[in-house]
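Just below is one structure, and these are the notes that go with it.
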Amino acid sequence: MKLLSTEIKNNVLQCMERILDENRKAILDANKKDLDLFNLEDQAMYDRLIVTDAKIDGMITSIKEVRSQEDPVSKTISTKSLENGLEINNRTAPFGTIMIIYESRPDVTIEAAVLAFKANNKIFLKGGKEALHSNTILTELWHQALEENGLSKNYIQQLVLNREETQMFLKNPPEKLDLIVPRGGERLINFVKQNATGAVLVSGRGNNFLYVDENADWEKSVKVILNAKTAKISACNALDKILISSKIENYTEKLKDLYKLLQVNGVETLVDNDVNILIEGSNLIKDASVWKEEFLAMKCCLGAVDSLDEAIEKINMNSGGHSATIMTSNKESAMQFMEEVDCAAVYQNASTRFTDGGQMGVGAELAISTDKLHHRGPLGLKQLVTNKYYVFGDGQIR
């Protein structure tokens, strides 16, 4: 693939900032068509679908941030000179062609494309049918920015495919797909894994846990729980599962208070056997598989554990590998939790809502990766490159 200069890429991005601002009404009108057609039963997806002037401002800001970041392509990772005179230079290189499959969020059409393009990749954007009109206008605006700078529209392409067509595209793509990113729930991830012939990087699934240790500050814990659970239920960094140490002071009283507080805040709370015994009228978990479920709703599970080790084991057995928090003032307990819990982001005394590219210093993100190869956590500009060895010689043989 031809490498574009940083200047050309940044010129495209600057054009896109202006074009988005000039076409606010067209974007909002297209989004209204999607909203009018949407089934309101899925509140989380509806929330993600909405585009406002503030969201358009956010799209423009994302592009500005990426434009200001250093070009990640052709950066030297390491150099080595061999005794025979060979010069070996390991440099960053574009992936090539990326495909992202996502639901509902029109802002992904901006963030995914700006990151892929600045890292000199082509990208196929496969959004959900619920955001068709929004994604179509945004892709058309990308094409306008590319054409204004004499570049092919092929750098950023929208795919309008049904399930069967998507399956065939994954199995027999028109060109090699170097990286496929399913950004959504378990069903989407499994669908892509079963059908893709290229490398798949899993992202988007949350099912995040918070453990209240016996040495936790209770008031601080309650504040963090409410923020992580209720601030934005449609986010993959929202809280779904709460574990309480049975050794915490005034355990029964605090357990009941938390249960009531969750109810008051509109959170449907399912409880395990130990909690059910203590809270009259509580809703018992009848199927253990619920512990593995991501809710994306005002819903959570509340359970009791007898030790830190038990909490870690339960989290590693059930979480989506996204984020987990321990509330404790004990540094040794916190460090054991953070070292042993198998998640992309682990916290002490803080909300899981901070697992976000902007908050973690990455800037705009393609997704939050829960895979371990090639990267874990927020996928920003620097993570959308691979590497290549440049070896310079003068007739050396081996």
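Residue numbering for the sequence shown is 1334 to 1731, as defined by the working numbering. We treat Cβ as the ideally placed atom computed from N, Cα and C, and that holds for glycine. Owing to the predicted nature of the structure, the values given are computational and were not obtained by experimental measurement.
For residue i, the residue or residues it bridges with in DSSP
{"i": "Q1681", "result": "I1659"}
{"i": "S1407", "result": "Note: S1407 sits in no beta bridge, so no partner."}
{"i": "L1543", "result": "I1575 and T1658"}
{"i": "R1516", "result": "Y1435 and S1536"}
{"i": "R1424", "result": "T1409 and K1721"}
{"i": "V1604", "result": "L1617 and L1635"}
{"i": "S1702", "result": "S1536 and G1710"}
Residue i, DSSP secondary structure in three states
{"i": "M1631", "result": "coil"}
{"i": "G1728", "result": "coil"}
{"i": "E1643", "result": "helix"}
{"i": "A1549", "result": "coil"}
{"i": "S1536", "result": "strand"}
{"i": "E1673", "result": "helix"}
{"i": "N1417", "result": "coil"}
{"i": "T1530", "result": "coil"}
{"i": "T1688", "result": "coil"}
{"i": "T1339", "result": "helix"}
{"i": "T1385", "result": "coil"}
7 Å Cβ shell around residue i - same chain, five flanking residues per side excluded
{"i": "N1343", "result": "R1400"}
{"i": "D1367", "result": "L1382, E1463, A1464, L1465, H1466 and S1467"}
{"i": "N1417", "result": "Q1729"}
{"i": "E1547", "result": "S1578, K1580 and I1581"}
{"i": "V1470", "result": "First, the amino acid is wrong: residue 1470 is Ile here, not Val. Here the set comprises A1359, I1360 and A1363."}
{"i": "I1389", "result": "L1353, R1357 and I1360"}
{"i": "A1697", "result": "S1395, E1398, V1399, E1444, V1447, L1448, G1690 and G1713"}
{"i": "N1528", "result": "Q1500, L1503 and K1504"}
{"i": "L1484", "result": "V1345"}
{"i": "A1452", "result": "P1405, V1406, P1427, L1714, L1717 and V1718"}
{"i": "V1623", "result": "L1603 and C1634"}
{"i": "N1609", "result": "S1615 and L1617"}
{"i": "S1475", "result": "Per the sequence presented here, residue 1475 reads as Trp, with Ser not at that position. The residues are M1349, A1446 and I1489."}
Neighbourhood of residue i by C-beta distance below 6 Å, restricted to the same chain and skipping five residues each side
{"i": "D1404", "result": "T1339"}
{"i": "F1457", "result": "M1432, Q1490 and L1492"}
{"i": "L1603", "result": "N1616, I1618 and C1634"}
{"i": "D1605", "result": "I1618 and G1636"}
{"i": "K1715", "result": "P1405"}
{"i": "N1649", "result": "D1675"}
Span separating the alpha-carbon of residue i from that of residue j
{"i": "A1678", "j": "S1536", "result": "13 Å"}
{"i": "I1575", "j": "G1391", "result": "32 Å"}
{"i": "G1517", "j": "Y1435", "result": "6 Å"}
{"i": "L1594", "j": "G1636", "result": "15 Å"}
{"i": "K1705", "j": "V1533", "result": "11 Å"}
{"i": "N1682", "j": "A1621", "result": "27 Å"}
{"i": "K1408", "j": "A1630", "result": "43 Å"}
{"i": "R1731", "j": "S1414", "result": "16 Å"}
{"i": "A1700", "j": "D1727", "result": "44 Å"}
{"i": "Q1347", "j": "A1478", "result": "9 Å"}
{"i": "L1611", "j": "D1590", "result": "12 Å"}
Residues near residue i in its chain [Cβ-Cβ closer than 8 Å; skip 5 each side]
{"i": "E1519", "result": "R1538 and E1627"}
{"i": "K1587", "result": "W1551, I1577 and I1581"}
Chain B contact for residue i (CB, 8 Å cutoff)
{"i": "M1501", "result": "In the structure shown, chain B does not exist; there is a single protein chain."}
Ignoring anything shorter than 4 residues or poking outside the region 1440-1509, list the alpha helix (DSSP H) runs there in chain order. 1440-1451, 1465-1481 and 1496-1504
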